[in-house]
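S.K.:
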Amino acid sequence: MKLPAVPAHPALEPARRLLRRVFPSRKITVIGHSHSWCVGEAALAQGFVLNHIDLWKSVQPIVEEGGEDRLHPAIAARIEGRVFSLAGGGYHLALSALQAERRFDFLVPGEAGDLAPGAEIIPYDAARQAMAAYIRLFVRMLALFAKAGRGRAYHVQSPPPPGDDARMAADLTTPVRTIHVTEVVPRSVRLKLWRLHSQIMREECARLSVGFIPCPPDAIDDDGFLRAAYYLDPVHVNAAYGALVLEQIRQAA
Amino acid sequence: MTEHPYANAPDYARWSRAVGRPAPADVDPVVRLSFKISRTDKVAAAGSCFAQHISRHLREGGFSFLVTEPAHPILPAEVAEAFNYGVFTARFGNLYTARQLLQLLRRAYGRFTPAEDVWEQDGRFFDPFRPSIQPGGFATAREYELDRRQHFAAVRRAFEEMDYFVFTLGLTECWVSKLDGAAYPVCPGTVAGEFDPERYGFVNFTAEEVVADMTAFIDELRAINPGVRIILTVSPVPLAATAEDRHVLVSTAYSKAVLRVAADTLTRLKDVFYFPSYEVITGPFSRGAYFAEDLRSITEEGVGHVMRLFFQHATDQSEAAAPAAAPPPKDDFLEKMQGVVKTLCDEEQLDSA
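Chains as they are written, first to last, in the working numbering: chain B, 6 to 258; chain W, 30 to 382.
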C-alpha cells in the first residue's frame with residue numbers, strides 16, 4: 006500500500022496522524038549494513054522515520070547456542086512486521102574495488118568475453134564457492150531475520166557497482182594510503198563479482214523462501230552499472246537510490 | 030676362523046641388530062646421504078598420493094617448499110584445498126608413473142601435444158591428465174584451456190627454479206592412448222571420460238622402461254636446470270586395483286619391486302638419490318602399525334617416522350637452531366580491502382551524523 010508522503014513539520018503532525026488512520030501503515034523493518042543507510046535517508050527526506058536496524062551500530066546479530074544460530078534478543082526485540090534485509094550487500098566490493106597485486110578474473114559460463122588483461126584465471130566454480138563462503142554469514146543472518154519478522158521477508162539486491170573507474174580511483178583516498186594501491190579492479194570484473202554475489206543471494210533467498218527484490222531498473226545503465234546519478238562513493242549509493250528502493254519496499258509491504 | 034666380509038659388518042648391515050632388535054620408532058634405514066637441504070633451497074615435490082604427505086611436512090617443517098601455482102588469495106583455504114591448490118608444487122594432480130612425469134615436462138614445453146587432451150562430459154570439461162584437479166570438471170572449454178596454459182607456465186617455473194625435486198614413484202600399471210601413447214593417471218572412465226578399448230590400452234611398465242623414462246626426464250630437466258638434485262622415493266601404498274588378471278597383492282609386489290629396482294638403478298646417475306620411505310613404512314618391524322585399517326592408507330605415525338628421518342638425514346641440521354625459512358608473506362589483500370570498505374563505511378557514518 007502506497008503511503009502518501011507528508012513533509013516533517015510539527016504543524017503537520019495531526020495530518021500525519023490522520024493519514025496513518027486512513028492509510029494504516031504496515032509495520033516494516035529495514036535491516037542491513039551500510040547499504041541500508043540510503044533507504045533510511047530517503048525515508049527521512051520523505052518525512053518519516055523508518056524502523057531501521059543498522060548492523061554497523063548494533064550488536065552482532067547471530068548468537069550461537071548449542072551449534073545453532075539464534076538471533077540476538079536485542080535485535081529480535083526491534084524487529085516489527087515484515088523484514089526487508091540489505092545485510093552484507095556490499096561484501097563483493099571487498100573483492101572488486103581495488104586491484105590486488107595478483108590480478109584475477111574468471112569466465113562466466115554462457116557469457117562471451119575473455120579475461121581482463123594480465124589477470125590470472127580462477128575457475129568459475131572456485132570463484133563461486135569463494136563468494137558463497139564469504140557471504141555465508143549474511144545468509145545465516147537473513148535466515149534469522151526472516152524468522153523473526155511477520156509475513157514474508159525480503160532481501161534487497163545490493164546496488165550494481167559504479168562503472169566509472171576514474172571516479173572510483175579519485176574517491177579512494179585516505180583508506181587506501183596504507184595499502185598503496187590506487188588502481189581499481191577492471192569494471193568487467195567488478196560487474197561479474199556483483200552478478201555472482203547477486204545470483205548466490207537470489208538462490209539463497211529461494212531456499213529460505215525469502216523474497217528477492219532486484220535493483221531498481223532505473224538505477225542501472227545500459228552496461229549494467231550504477232547510473233552516475235546514484236553514486237555516493239566507491240562503495241555506497243546515495244539517498245536518491247534509497248528512494249527508489251523505498252518505493253520498491255512500499256510495493257512489497 | 031678366517032676373516033670374511035660379514036665378520037666386521039656394521040650393525041646396519043645386520044638384520045637382527047638393525048631391524049629385529051630396536052624399538053620400531055628407532056629403526057633407521059638411512060645410512061648416508063650425500064646432500065643436505067638447507068632452509069633456503071627450493072624444494073619441489075610431485076608424485077603419487079604418498080608424495081602429498083612429503084609436500085605437507087616440508088611446508089610445515091619450515092622448508093622452502095616451492096609452490097609455483099598457489100591459490101589466489103581471494104580463495105578461502107577450504108576452497109583452495111578443494112580445488113587442489115598447494116598440494117604439490119603446481120596443480121599437477123597425482124603423477125603415478127615415470128611416463129606421466131616425462132610427458133608433463135614435454136607438454137609444458139610444447140614438445141608433445143596429446144591427440145586427445147580434453148574430455149567433455151555432461152557439459153563439463155575434464156583434463157584427461159588431471160581428471161580430479163577440478164571438482165566436477167571445468168565449466169567451459171575456454172576456462173579449461175586458459176587454466177591449463179596457466180598451469181603449464183607454473184610447471185615450467187617449477188622445473189626452472191627448483192633446487193631439489195622429490196618425486197615419489199607410485200605405479201607401474203598405466204593406461205595409455207593407442208593413438209599416441211599419452212599416459213593417463215587413471216583409467217579413462219573411472220573418474221572422467223569414457224572407456225573405449227579401441228582407444229586405450231593397458232601397460233605394466235618394466236624396470237627398464239621406468240629407468241628409461243626417468244633417465245629421459247632427468248636429462249631433459251637438467252637441460253633446463255643443470256644443478257637440480259633429485260630425490261626419489263617409492264610409494265608404499267598398495268595398488269587399489271590391478272588390471273592384470275592376478276591377485277592384487279601379487280601385482281602390488283611386482284609394481285613396488287620394479288619401482289624399487291628402478292630407483293636404485295637411477296641413483297647411479299649424478300645427483301640422483303634414493304630415500305627409503307618405502308622401507309620405513311613396509312618394514313616388518315612396525316608390525317603393520319604404519320598401515321591404517323584398510324591396510325592401504327598410511328598412518329600419520331608412519332608418515333611421521335619417515336619425515337623425522339628425512340629431516341634428520343636430508344636437511345642441514347646446523348640450521349636446526351636457526352629460525353625457519355621465512356614463510357612467504359601472507360597475501361592479506363582481502364583483509365586490507367575489507368578494512369578499506371569498513372573505513373569508507375565508517376567515514377560515511379561520520380559524514381551522515
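Note that the Cβ used here is the ideal one computed from N, Cα and C, for glycine as well.
This one's a predicted model, so the numbers in the text were calculated from it and none came from an experiment.
Express the C-alpha separation of residue 93(W) and residue 208(W) in angstroms, rounding to a whole number.
M.R.: Stepping through the second sequence from its first residue, residue 208(W) is reached at position 179. Stepping through the second sequence from its first residue, residue 93(W) is reached at position 64. Cα-Cα distance, rounded: 40 Å.
S.K.: Can you tell me the Cβ-Cβ gap for residue 108(W) and residue 245(B), rounded? I've got them flagged as a contact below 8 Å.
M.R.: What you label residue 108(W) is simply residue 79 of the second sequence in a count that begins at 1. What you label residue 245(B) is simply residue 240 of the first sequence in a count that begins at 1. Contact doesn't hold; Cβ gap of about 38 Å is too wide.
S.K.: Between the Cα of residue 219(B) and the Cα atoms of 94(B), 105(B) and 74(B), which residue gives the shortest distance?
M.R.: In the first sequence, the residue the question calls residue 219(B) occupies position 214. When only C-alpha atoms are compared, the closest one is 94(B).
S.K.: Just grab the DSSP bridge partners of residue 262(W) for me.
M.R.: Indexing the second sequence from 1 puts residue 262(W) at position 233. In the DSSP output, where bridge partners are listed per residue, residue 262(W) has 197(W).
S.K.: Taking the C-alpha atoms as reference points, what is the distance between residue 102(B) and residue 206(W)?
M.R.: In the first sequence, residue 102(B) corresponds to position 97, counting from 1. In the second sequence, residue 206(W) corresponds to position 177, counting from 1. Between residue 102(B) and residue 206(W), the C-alpha separation is close to 47 Å.
S.K.: Is residue 140(B) helix, strand or coil by DSSP?
M.R.: Taking the first residue of the first sequence as position 1, residue 140(B) is located at position 135. In the structure shown, residue 140(B) sits in coil (DSSP, three-state: anything other than H, G, I, E or B).
S.K.: Would you mind sorting residue 231(W) into buried or exposed? The rule is 16 or more other CB atoms within 10 Å of its CB.
M.R.: Residue 231(W) sits at position 202 when you count from the first residue of the second sequence. It is exposed - the Cβ of residue 231(W) has fewer than 16 other Cβ atoms within 10 Å.
S.K.: Quick check: is any heavy atom of the ligand FMN less than 6 Å from the C-beta of residue 253(W)?
M.R.: The ligand FMN is not part of the structure shown, which contains no ligands of any sort.
S.K.: Using a Cβ-Cβ cut-off of 8 Å (strictly less than) and excluding sequence neighbours within five positions of residue 154(W), which residues of its own chain qualify?
M.R.: Start at 1 with the first residue of the second sequence, and residue 154(W) comes out as number 125. Cβ neighbours of residue 154(W) beyond the five flanking positions: 147, 148, 166, 167, 168, 169, 170, 172 and 173.
S.K.: Count the other CB atoms, across all protein chains shown, that sit within 10 Å of the CB of residue 263(W); report buried if there are 16 or more and exposed otherwise.
M.R.: As a first step, residue 263(W) must be located in the second sequence, where it is residue number 234. Answer is buried; the Cβ neighbour count reaches 16.
S.K.: How do the stretch 64-79 of chain W and the stretch 122-130 of chain W stand: do at least 3 beta-carbon pairs fall below 8 Å, yes or no?
M.R.: yes
S.K.: List the residues of chain B that residue 108(W) touches, going by C-beta distances under 8 Å, in chain order.
M.R.: Position 79 of the second sequence holds residue 108(W). In chain order: 131, 134, 135 and 138.
S.K.: Which residue wins for smallest C-alpha separation from residue 309(W), given the options 334(W), 81(W) and 233(W)?
M.R.: Working through the second sequence from its first residue, we reach residue 309(W) at position 280. With distances taken between CA atoms, residue 309(W) lies nearest to 334(W) out of 334(W), 81(W) and 233(W).
S.K.: Run the CB neighbour count on residue 256(B), radius 10 Å, all protein chains shown included, and call it buried at 16 or more, exposed below.
M.R.: By 1-based counting over the first sequence, the position of residue 256(B) is 251. By the beta-carbon neighbour count (other beta carbons within 10 angstroms, threshold 16), residue 256(B) is exposed.
S.K.: In chain order, what residues of the same chain lie with their CB nearer than 7 Å to the CB of residue 46(W), ignoring the 5 residues before and after it?
M.R.: On the second sequence, position 17 is the one that residue 46(W) refers to. Cβ within range, chain order: 40.
S.K.: How would you list, in chain order, the residues of chain B whose beta-carbon sits under 8 Å from the beta-carbon of residue 168(W)?
M.R.: Numbered from its first residue, the second sequence carries residue 168(W) at position 139. The contacting residues are 112, 114, 128, 129 and 130.
S.K.: Look at residue 118(W) and residue 96(W) and say whether their C-beta atoms are less than 7 Å apart.
M.R.: To locate residue 118(W), count along the second sequence from 1; it is residue 89. To locate residue 96(W), count along the second sequence from 1; it is residue 67. It is a contact, given that the beta carbons lie within the stated cut-off.
S.K.: Measure the alpha-carbon distance for residue 149(B) versus residue 88(B) and round it to whole angstroms.
M.R.: Residue numbering aside, residue 149(B) sits at position 144 when the first sequence is read from its first letter. Residue numbering aside, residue 88(B) sits at position 83 when the first sequence is read from its first letter. Each residue's alpha carbon lies about 10 Å from the other.
S.K.: Please identify the residue among 171(B), 90(B) and 138(B) whose C-alpha is closest to the C-alpha of residue 217(B).
M.R.: Within the first sequence, the letter at position 212 stands for residue 217(B). The shortest C-alpha separation from residue 217(B) is found at 90(B).
S.K.: DSSP on residue 45(B), reduced to helix/strand/coil?
M.R.: Residue mapping note: residue 45(B) aligns to position 40 of the first sequence, counting from 1. Three-state result, residue 45(B): helix.
S.K.: How far does the beta strand (DSSP E) with residue 203(W) in it extend, from its first residue to its last?
M.R.: Your numbering for residue 203(W) matches position 174 in the second sequence. Taken as a continuous stretch (DSSP letters only), the beta strand (DSSP E) holding residue 203(W) covers 202-206.
S.K.: In whole angstroms, give me the CA-to-CA distance for residue 51(W) and residue 110(W).
M.R.: Locating residue 51(W) in the second sequence gives position 22, counting from the first residue. Locating residue 110(W) in the second sequence gives position 81, counting from the first residue. Taking the CA atoms as reference points, residue 51(W) sits about 39 Å from residue 110(W).
S.K.: When DSSP builds the beta bridges, which residues end up paired with residue 103(B)?
M.R.: Residue numbering aside, residue 103(B) sits at position 98 when the first sequence is read from its first letter. Its beta-bridge partners are 189(B).
S.K.: Quick one: grab the DSSP three-state call for residue 338(W).
M.R.: Within the second sequence, numbered from 1, the residue matching residue 338(W) stands at position 309. Note: residue 338(W) maps to helix in three-state DSSP.
S.K.: Using only the alpha-carbon positions, how far apart do residue 32(B) and residue 85(B) sit?
M.R.: As a working mapping, residue 32(B) is identified with position 27 in the first sequence. As a working mapping, residue 85(B) is identified with position 80 in the first sequence. Residue 32(B) and residue 85(B): Cα-Cα distance of roughly 6 Å.
S.K.: If we define contact as Cβ-Cβ less than 7 Å, is residue 109(B) a contact residue for chain C?
M.R.: The structure shown contains no chain C; its protein chains are B and W.
S.K.: Under the rule that 16 or more other beta-carbon atoms within 10 Å means buried, what is residue 223(B), buried or exposed?
M.R.: As a working mapping, residue 223(B) is identified with position 218 in the first sequence. Of the other Cβ atoms in all chains shown, fewer than 16 fall within 10 Å of the Cβ of residue 223(B); this residue is therefore exposed.
S.K.: With distances taken Cα to Cα, identify the nearest neighbour of residue 230(B) among 197(B), 49(B) and 249(B).
M.R.: Stepping through the first sequence from its first residue, residue 230(B) is reached at position 225. Of the candidates 197(B), 49(B) and 249(B), the one whose C-alpha sits nearest the C-alpha of residue 230(B) is 197(B).
S.K.: Tell me residue 61(B)'s beta-bridge partners as DSSP assigns them.
M.R.: To locate residue 61(B), count along the first sequence from 1; it is residue 56. Residue 61(B) has no beta-bridge partner at all, per DSSP.
S.K.: Within a Cβ cutoff of 6 Å, which residues of the same chain sit near residue 273(W), ignoring the five residues on either side of it in sequence?
M.R.: Locating residue 273(W) in the second sequence gives position 244, where the first residue counts as 1. Here the set comprises 280.
S.K.: Straight-line CA distance for residue 176(B) to residue 242(B)?
M.R.: Residue mapping note: residue 176(B) aligns to position 171 of the first sequence, counting from 1. Residue mapping note: residue 242(B) aligns to position 237 of the first sequence, counting from 1. About 13 Å.
S.K.: Compute the beta-carbon to beta-carbon distance between residue 268(W) and residue 202(W), rounded to the nearest angstrom, for a pair I have assumed lies under 8 Å.
M.R.: Numbered from its first residue, the second sequence carries residue 268(W) at position 239. Numbered from its first residue, the second sequence carries residue 202(W) at position 173. Correct: roughly 7 Å between the Cβ atoms.
S.K.: Under 7 Å between beta-carbons, which chain W residues line up against residue 125(B)? List them in chain order, please.
M.R.: Taking the first sequence and counting its residues from 1, one reaches residue 125(B) at position 120. Here the neighbours are 101 and 179.
S.K.: Look up residue 222(W) in the DSSP assignment and say whether it is helix, strand or coil.
M.R.: Counting from 1 along the second sequence, the entry for residue 222(W) is found at position 193. Residue 222(W): coil per DSSP, three-state reduction.
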